[in-house]
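Some notes on the structure that comes next.
Residue numbers (UniProt numbering): 1 to 250.
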């Protein structure tokens, strides 16, 4: 009788292990499943306050994927805070190509030939787990394999031909445009009077306003794709994220 019970116990344990393994394979745990289904997790944010010429046009808030590409994200955050004595503050978007991307991050020369990382001059491609799924994705600019420094670009369309060549590490989450003259005829009674300045987020659904990235993309450029008016990062810094969250790959 004892032997029969032992056999039954061993059988039940074996069945439990097998069932558990099947469940794990079908339904991977937590963050891995979340990242595969919903997309990468935002672990930190960086903001850029943008100025075109003498005009403050608004703020960009960028979500960064510190779990997927930690080294690349650490480089970007440190350059945004300027804690090592150099970084993005007062640097320019030196290259703007409509229906493609906007590029910046060269804080040493300002023309696309300079910049440096916090790890030295250049650092290797971390991985190519993420792709250029659509507009507003943030990716490292480079001069070929393993030549990442400080330069980056933000897509304004889907750019699959860049997949596997440039490291994607963030996405624009918010972009607000400052306007001194909001519409007089409005249904939203919470908007301030027409003589006050207002910042309206991308998600508010007001089509009369462009987002900041589109405003940069729409600036006039010369034959080398350099903006005729300086497009600069007037201020920048880090925004803490209390709880990481996943975003869609779109």
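Ideal Cβ placement from N, Cα and C applies to all residues, glycine included.
- With fewer than 16 other Cβ atoms from the protein chains shown falling within 10 Å of its own Cβ, residue 220 counts as exposed.
- Here residue 59 is bridged, per DSSP, to 49.
- When DSSP reads this structure, residue 245 sits in a beta bridge with 42.
- Annotated three-state conformation of residue 92 is strand, per DSSP.
- Ranked by Cα distance from residue 106, the first of 89, 98, 100 and 64 is 89.
- Within the same chain, Cβ atoms closer than 7 Å to the Cβ of residue 117 are found at 75, 123, 148, 149 and 150, the five residues on either side in sequence being excluded.
- Residue state for residue 172 is assigned as strand, using DSSP reduced to three classes.
- Excluding its 5 nearest sequence neighbours in each direction, residue 61 has C-beta neighbours in its own chain below 6 Å: 45, 47, 173 and 174, listed in chain order.
- Looking at the backbone, the Cα of residue 95 and that of residue 82 are separated by about 22 Å.
- In the structure shown, residue 240 falls within a strand segment according to DSSP collapsed to helix, strand and coil.
- Looking at the DSSP output, residue 235 shares a beta bridge with 49.
- Excluding sequence positions up to five before and after residue 54, its CB lies less than 6 Å from no other CB in the same chain.
- Its Cα nearest to that of residue 70, the residue 43 stands out among 43, 56 and 49.
- About 20 Å separates the Cβ atoms of residue 92 and residue 136, ruling out a contact at the 8 Å cut-off.
- Considering only 139, 247 and 249, the residue with the shortest C-alpha distance to residue 73 is 139.
- The continuous stretches of alpha helix (DSSP H) do not include residue 100, and DSSP gives it neither H nor E.
- Counting other Cβ atoms within 10 Å of its Cβ, residue 160 stays below 16 and is therefore classed as exposed.
- Per the DSSP secondary-structure output, residue 148 pairs in a beta bridge with 123.
- Bounds of the alpha helix (DSSP H) holding residue 79 are 70 to 81.
- Less than 8 Å separates the beta-carbon of residue 153 from that of residue 141.
- Burial check for residue 242: the Cβ neighbour count within 10 Å stays below 16, so the residue is exposed.
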